[in-house]
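Novice:
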Amino acid sequence: MISHKKKIATSKGEFEIKIKKIKQKKIVLSIHNKKYGYPLLKDEFDDEVEAIKEFDYHCKKIQKEEFKIIRNFESLDSHYRRVFTRVKYGILIL
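According to numbering that gives the first Met the number 0, the stretch in the sequence shown is residues 0 to 93, in order.
Dropping the structure here:
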């Protein structure tokens, strides 16, 4: 079973990058920060080699601080009946 985890300290806080295999035979890559209660990035892969390449790529970019924290707005509920806005932060790898 594949499982990698790495913690990286930057000027914008400590980031934790995880890669693990889930039940549906998919591999999930996620980036977390203590400041936010949800993952800033979550990608799913079918191929293990591709997932490890992305893991290494994201580790290098975060170590070099080549990223930005961006704000996303969610605007509709699941039934598309009412409009609301909620800020959800994400990470943009440059």
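For glycine and all other residues, C-beta sits at the position ideal for the given N, C-alpha and C.
Going by the CB atoms, is the gap between Ile-7 and Ile-61 shorter than 7 Å?
Specialist: yes
Novice: Give me, in chain order, the residues of the same chain whose beta-carbon lies closer than 6 Å to that of Glu-43; leave out the 5 immediate sequence neighbours on both sides.
Specialist: Counting only Cβ-Cβ distances below 6 Å, and skipping sequence neighbours, we find Lys-25, Val-27.
Novice: Give the DSSP-derived three-state secondary structure of Lys-52 in the structure shown.
Specialist: Helix.
Novice: Compare the beta carbon distance of Ile-90 and Phe-54 with 7 Å and say whether it is the shorter of the two.
Specialist: no
Novice: Take Glu-13 and list the residues in its own chain whose beta-carbon comes closer than 8 Å to its own, dropping the five residues that flank it on each side.
Specialist: Lys-6, Ile-7, Asn-32, Lys-33
Novice: Pull up the distance between the alpha-carbon of Ser-2 and that of Lys-11, whole angstroms please.
Specialist: 25 Å
Novice: Buried or exposed, going by whether 16 or more other CB atoms sit within 10 Å of the CB of Ile-21?
Specialist: exposed
Novice: Within 10 angstroms of its Cβ, does Leu-93 collect 16 or more other Cβ (buried), or is it exposed?
Specialist: exposed
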